[in-house]
Every structure is written in C-alpha cells, then in structure tokens.
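Residue numbers (the numbering used here), protein chains in the order written: chain A, 1 to 248; chain B, 249 to 496.
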C-alpha cells in the first residue's frame with residue numbers, strides 16, 4: 001500500500017550565492033512546492049559558474065534521483081552557461097529552439113541586442129519547454145533535468161508550471177509541536193520514541209523567542225494517522241516534563 | 249607575486265533545510281566571513297541527517313579543498329549525528345572531550361538530562377575546539393574540517409572565532425556598478441570585456457526595482473588596480489549605451 005518514495009536533487013548555479021553577495025531563497029521555494037507534489041529533495045548543491053563543475057554535478061545527480069532541478073545561469077550574458085553545460089552533460093548539441101526564438105524575435109531590437117537575447121533560445125537538442133508567465137523566455141527540461149531561472153520571481157513562475165506536471169509519490173506531511181523547554185530535557189524519551197517509530201522522522205529544533213528557550217519538535221512522514229499518534233506521544237512527554245505543548 | 253587561491257566547501261547538514269521548513273542563512277554569513285580571510289567557497293552542499301550521506305560528503309570535499317566547514321547536527325538529541333559522522337569519516341573513535349564535559353557538568357541537571365547534554369561533549373579523537381561565546385558548548389575541528397552549530401547566532405559566534413584563526417590567501421575584492429538597462433543591451437561588449445580580462449570575474453545580475461528593469465554588474469578579483477580599470481571600462485560601456493552608471 002505504501003507509495004514509492006520519489007526523490008529530487010537541486011543544483012543552484014551561481015558564483016553570487018557562493019560569494020555571499022546573494023542570499024538564495026529558491027531552494028526553500030522548490031522544497032515546499034515539490035513537497036506538495038510528493039517529491040522529496042534529498043540533496044542540494046551550490047556550484048560556481050564553471051562548466052566542468054556544473055556538468056559533473058548534473059551527471060552525478062541525474063542518475064541518482066527521479067528529478068533534478070537547476071536554478072540560475074539561463075540569461076543572455078557571457079556568465080549564463082547553464083544550457084551549454086546541460087547539453088554537454090547529456091552529450092547532445094546546443095540548438096536554437098524555434099518557439100523561444102520566435103518569441104524573442106517578436107520584440108524588435110538592435111542586431112547585437114537581438115543576438116544576445118537569442119542566446120536564451122539555445123537549448124540542448126530534444127529539450128522540452130517549461131512555461132513561464134513572468135514575461136521572460138521559458139525554462140526547459142531534458143530527461144529528468146529541469147532548468148529554471150535564478151531570479152526568484154521568474155523561478156517561481158516556472159516552478160508553478162512544473163508543479164502542474166511533475167508526478168510524485170506519497171506526500172510527506174509534517175506536524176509541529178512547540179514547548180518552552182530545552183532540548184536536553186526531553187532528549188532521552190524523544191530518542192526512544194524515534195527508535196520505536198522508524199517510519200516517521202522526528203526533528204528537534206531549539207529556538208529562543210523573547211529571551212525564552214524553546215524547542216520545536218517536527219514529525220514528518222507519509223501516514224497521517226501515525227503522525228497524529230506520534231504527536232500525541234510527544235505532547236504527553238512534554239506534559240510529563242512539566243511544560244505545555246502547543247501545535248504550530 | 250600572486251598569492252595562492254585558498255578554497256573551502258560548506259556542508260549544510262539538516263533535513264529541515266531540504267524540506268523547506270527552514271531558510272538557511274548560514275551559507276551567506278560563512279561566505280562573507282571567509283571572503284574577508286581570503287578563502288573562496290567553491291562549493292556548498294545541503295545533506296540530510298543520514299550518516300552515509302554526511303560521511304561521503306565530508307570525505308569527498310575535505311580532499312578537494314583547503315577547508316571544509318559544516319553547520320548543524322551538533323545538539324543533544326537523537327537527530328544530532330554530525331560528530332559521529334565526522335569521526336567515521338576520519339576513521340577515529342568518538343570520545344568525550346574533557347574541556348566540554350567539564351563545562352557541561354558545571355551546570356547541574358537531572359541524570360538523564362545530563363546524559364543528553366554530555367552527547368555535546370563527544371568529538372572525534374584528536375579534535376580541537378572552536379570557541380563559542382554564545383553560551384552553548386564549543387564547536388570542534390579535526391584535520392581541515394570545522395564543525396559549527398546550525399542555529400544562526402551560535403554559528404556566528406563560532407565563525408567569529410574561526411575568522412581569527414583561519415589562514416587564507418589573496419582576498420577577492422568586489423566592485424558593483426548598477427544601471428537601469430536590460431542585460432541583453434550590454435551583453436556583447438560585456439562578454440568581450442570578460443574575454444579580454446580573464447583574471448577578473450564579471451557577473452551580470454538583472455533586477456527590477458520600482459518597476460524598472462536594471463542590471464547589476466559585479467567585478468571580482470584580487471588585484472584592486474585591475475578591478476578599478478575594469479569598472480571604468482564598464483562605466484564607459486554603460487554611458488555609450490545611453491544610461492547612467494552608479495557604483496554600489
């Protein structure tokens with residue numbers, strides 16, 4: 001009865017993330033969206049704008065996961081090398097996609113500007129398109145690799161299109177219980193509970209709010225009945241430890 | 249005359265980042281801090297709380313880079329497995345560090361709570377400590393692998409201690425020029441400039457501010473005189489394209 005676990009990896013392409021210039025927010029958006037589709041991200045990598053590093057990451061991860069999503073490097077400038085790298089990873093030519101090219105040519109521009117824009121029409125031979133209602137050219141996919149923009153609002157437009165198409169497995173649900181108690185005060189019974197319940201994943205995340213130490217206990221799994229049972233156990237454990245649990 | 253390029257990789261450990269529950273901010277803080285030390289992050293990975301994945305990432309990256317930094321998984325609960333994974337990666341025992349243990353024992357607690365807290369004193373045999381003035385136990389290092397907390401304010405305390413110790417190479421500096429122009433309008437001269445100036449890294453990052461399309465051009469390199477020269481070229485290029493450049 002249990003559905004297959006469907007996995008994905010994310011490759012975030014861009015020197016600006018590794019230098020600290022830009023705070024990535026795409027990974028979280030992708031994780032939340034794929035999660036709703038029943039697709040679990042198992043690993044993510046941030047790689048620089050260097051061809052061999054991108055090709056190596058794509059080829060390693062596409063064999064290991066059901067889906068790979070990349071972000072970044074699909075604009076019109078010299079540092080946008082993602083499409084060429086994906087073509088190289090798959091051993092196919094980089095070709096002009098007629099639909100994207102027609103879209104770009106419909107807006108007039110000086111010849112050198114048009115030439116730059118048309119770089120965004122280059123995709124690996126055989127690639128399909130990922131719709132983008134943000135006004136810029138579409139993303140593309142080849143095999144199980146899906147290539148999205150790096151600019152967050154454009155990435156989200158493409159991700160919304162992907163969400164309508166990708167097929168996942170059982171959806172991992174999550175329940176959170178919060179209490180004002182230090183992690184170590186409940187570490188022992190919590191560890192025992194996790195040892196008994198191997199088909200859920202129990203995470204413990206300490207925090208400080210208004211100067212008070214608390215812990216967020218997050219239970220994740222695909223069986224909602226079991227999740228509720230485990231959460232009830234955790235609530236009893238917290239009450240036994242003398243604190244009031246709150247669901248969040 | 250050119251100093252050696254010193255590189256680092258970051259391993260972000262935690263299911264909560266991959267599920268989208270938590271937005272990572274540690275990578276950016278680490279990148280900015282290491283950048284000031286002359287250490288360039290070349291890759292980053294987000295890995296789940298699974299022993300074999302953590303061990304594999306540590307062993308792959310520690311051979312390839314001068315430094316590896318990890319974040320997350322060093323608390324007192326069952327899901328905190330980083331120290332055990334690092335010990336396994338190095339093929340050494342996990343042992344109680346007397347300094348951390350004494351620190352933890354100085355605060356009284358019930359026996360089972362104390363036992364949980366003492367998990368935070370376990371380090372790979374031979375590890376040294378990374379100071380932490382945030383009040384919680386210190387981080388540790390073994391070989392070139394530096395193990396930091398995941399909670400941002402604790403991570404930053406450990407990172408500040410690391411900044412005083414890590415030895416880097418030439419510091420990569422950065423200059424930014426911003427103009428209200430689309431990327432494709434300057435893609436051609438910008439690509440030519442990058443082709444001529446191979447020892448700097450020119451990045452082009454489009455943005456929309458108050459509904460206006462703009463581009464941020466970022467020049468990075470270790471020679472400040474050359475950076476200023478390249479920025480001056482970019483400013484001329486933007487003026488020639490009919491827009492006013494602004495340094496940021």
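Note that beta-carbon positions come from the ideal geometry of N, C-alpha and C, so glycine has one too. Quick caveat, the model's predicted, so the values are computed rather than measured.
If we count the other Cβ atoms within 10 Å of its Cβ and call it buried at 16 or more, is residue i buried or exposed?
{"i": "residue 106 (chain A)", "result": "exposed"}
{"i": "residue 239 (chain A)", "result": "exposed"}
{"i": "residue 447 (chain B)", "result": "exposed"}
{"i": "residue 249 (chain A)", "result": "For residue 249 (chain A) there is no data in the structure shown, the boundaries of chain A being 1 and 248."}
{"i": "residue 232 (chain B)", "result": "Any property of residue 232 (chain B) remains undetermined from this structure, which presents chain B solely from 249 to 496."}
{"i": "residue 45 (chain A)", "result": "buried"}
{"i": "residue 476 (chain B)", "result": "exposed"}
{"i": "residue 224 (chain A)", "result": "exposed"}
{"i": "residue 256 (chain B)", "result": "buried"}
{"i": "residue 413 (chain B)", "result": "exposed"}
{"i": "residue 116 (chain A)", "result": "buried"}
{"i": "residue 181 (chain A)", "result": "buried"}
{"i": "residue 255 (chain A)", "result": "A question about residue 255 (chain A) goes unanswered here, because the residues of chain A that appear run from 1 up to 248."}
{"i": "residue 242 (chain A)", "result": "exposed"}
{"i": "residue 167 (chain A)", "result": "exposed"}
{"i": "residue 268 (chain B)", "result": "buried"}
{"i": "residue 214 (chain B)", "result": "The displayed coordinates of chain B run from 249 to 496. Any statement about residue 214 (chain B) would go beyond what the structure contains."}
{"i": "residue 247 (chain A)", "result": "exposed"}
{"i": "residue 96 (chain A)", "result": "exposed"}
{"i": "residue 321 (chain B)", "result": "buried"}
Closer than 7 Å by C-beta to residue i: which residues in its own chain qualify, once you throw out the five before and the five after it? Chain order, please.
{"i": "residue 204 (chain A)", "result": "183, 190, 215 and 217"}
{"i": "residue 48 (chain A)", "result": "15 and 18"}
{"i": "residue 492 (chain B)", "result": "427"}
{"i": "residue 103 (chain A)", "result": "137"}
{"i": "residue 128 (chain A)", "result": "140 and 141"}
{"i": "residue 382 (chain B)", "result": "401, 402 and 405"}
{"i": "residue 271 (chain B)", "result": "none"}
{"i": "residue 197 (chain A)", "result": "230"}
Taking the alpha carbon of residue i as the point to measure from, which residue in the options has its own alpha carbon closest?
{"i": "residue 306 (chain B)", "options": "B:287, B:286, B:330 and B:325", "result": "B:330"}
{"i": "residue 13 (chain A)", "options": "A:213, A:71 and A:34", "result": "A:71"}
{"i": "residue 42 (chain A)", "options": "A:56, A:66, A:235 and A:52", "result": "A:66"}
{"i": "residue 136 (chain A)", "options": "A:147, A:124 and A:120", "result": "A:120"}
{"i": "residue 457 (chain B)", "options": "B:482, B:435 and B:426", "result": "B:426"}
{"i": "residue 467 (chain B)", "options": "A:164, A:16, A:31 and A:68", "result": "A:16"}
{"i": "residue 479 (chain B)", "options": "B:490, B:459 and B:441", "result": "B:441"}
{"i": "residue 389 (chain B)", "options": "B:310, B:445, B:470 and B:358", "result": "B:310"}
{"i": "residue 346 (chain B)", "options": "B:272, B:459, B:370 and B:280", "result": "B:370"}
{"i": "residue 171 (chain A)", "options": "A:115, A:35 and A:114", "result": "A:35"}
{"i": "residue 324 (chain B)", "options": "A:185, A:11 and A:244", "result": "A:185"}
{"i": "residue 52 (chain A)", "options": "A:237, A:103, A:84 and A:212", "result": "A:84"}
{"i": "residue 298 (chain B)", "options": "B:399, B:336 and B:450", "result": "B:336"}
{"i": "residue 31 (chain A)", "options": "A:10, A:21, A:23 and A:20", "result": "A:10"}
{"i": "residue 90 (chain A)", "options": "A:108, A:56 and A:101", "result": "A:56"}
{"i": "residue 312 (chain B)", "options": "B:392, B:376 and B:356", "result": "B:392"}
{"i": "residue 79 (chain A)", "options": "B:450, B:302 and B:483", "result": "B:450"}
{"i": "residue 94 (chain A)", "options": "A:235, A:33 and A:86", "result": "A:86"}
I'd like the list of long-range same chain contacts for residue i, defined as Cβ closer than 6 Å, with 5 residues on each side in sequence excluded.
{"i": "residue 417 (chain B)", "result": "251, 252, 253, 254 and 286"}
{"i": "residue 1 (chain A)", "result": "Caution is warranted here: a pLDDT of 40 is assigned to residue 1 (chain A), below 50, making its placement in the model unreliable, and the coordinate value is therefore given only provisionally. Counting only Cβ-Cβ distances below 6 Å, and skipping sequence neighbours, we find nothing."}
{"i": "residue 222 (chain A)", "result": "170 and 172"}
{"i": "residue 461 (chain B)", "result": "430"}
Looking only at its chain, what residues have a beta carbon closer than 8 Å to the beta carbon of residue i, apart from the 5 residues adjacent to it on each side?
{"i": "residue 380 (chain B)", "result": "386, 387, 397, 402, 405, 406 and 409"}
{"i": "residue 340 (chain B)", "result": "372, 373, 374 and 390"}
{"i": "residue 378 (chain B)", "result": "386, 387, 388, 389, 394, 395, 396, 406, 409 and 410"}
{"i": "residue 25 (chain A)", "result": "152"}
{"i": "residue 29 (chain A)", "result": "152, 155, 156 and 159"}
Tell me the DSSP bridge mates of residue i?
{"i": "residue 96 (chain A)", "result": "A:122"}
{"i": "residue 427 (chain B)", "result": "B:463"}
{"i": "residue 394 (chain B)", "result": "B:317 and B:389"}
{"i": "residue 293 (chain B)", "result": "A:45 and B:259"}
{"i": "residue 246 (chain A)", "result": "A:178"}
{"i": "residue 458 (chain B)", "result": "DSSP lists no partner for residue 458 (chain B)."}
{"i": "residue 354 (chain B)", "result": "For residue 354 (chain B), which the question treats as bridged, DSSP gives no partner whatsoever."}
{"i": "residue 6 (chain A)", "result": "A:39"}
{"i": "residue 203 (chain A)", "result": "A:218"}
{"i": "residue 173 (chain A)", "result": "A:221"}
{"i": "residue 129 (chain A)", "result": "A:140"}
By the criterion of Cβ-Cβ separation under 8 Å, what are the contact partners of residue i in chain C?
{"i": "residue 55 (chain A)", "result": "No chain C appears in the structure shown, which is made up of the protein chains A and B."}
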